[in-house]
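Report on the structure given below.
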Amino acid sequence: MKRSGFPRTYDLIWEAVRLVPRGKVASYGEIAREAGLPRQARLVGYALHALPDSSGVPWHRVINAQGKISFPPESVAFRTQCRLLRKEGITVNRGAIDMRKFGWLRQQE
DNA sequence: AACGTGACAAGGC
DNA sequence: AGCCTTGCCACGT
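Quick note on this note's numbering: the first sequence kicks off at 51 and runs consecutively.
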């Protein structure tokens, strides 16, 4: 990543990710909207990839619109994300997240 | 400065 | 249900 000074779009995205409460997840698209960048879900993935480790941003709560983890199933990142989610009480099987935990605003439960 | 590449999404077949 | 296309836009070559 590259910090060049003024408000980068990544900051907006990271800020939005911080809003996702423990025990809930949100999609890349939702994060993009919340960050004021509608239809730029792709950018969210890019921004998370550029995230420094010690940021405290709950990146693991962001999953794709199909309700699944967007990492190759056997990757280290995939397993890490599973572990972090389960630690928050979210059930994950084969990368699929319990949809009842989806969305942190306008909850459907 | 153009071009390909992404932890995506939505729509068409 | 899959697979392909298009929209998107910051980054590294």
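Built from N, CA and C at the ideal position, the CB exists for glycine as well.
| Query | Result |
| --- | --- |
| Residue 112 in three-state terms, based on DSSP | strand |
| Range of the contiguous alpha helix (DSSP H) that encloses residue 67 | 59-68 |
| Extent of the continuous alpha helix (DSSP H) to which residue 126 belongs | 126-137 |
| Distance between residue 116 and residue 81 (C-alpha atoms, nearest Å) | 15 Å |
| CA nearest to the CA of residue 164, picked from 136, 143, 59, 144 | One cannot answer for residue 164 here, as it falls past the ends of the chain, which runs 51 to 159. |
| Neighbourhood of residue 111 by C-beta, 6 Å cutoff - its chain only, sequence neighbours within 5 removed | 70, 75 |
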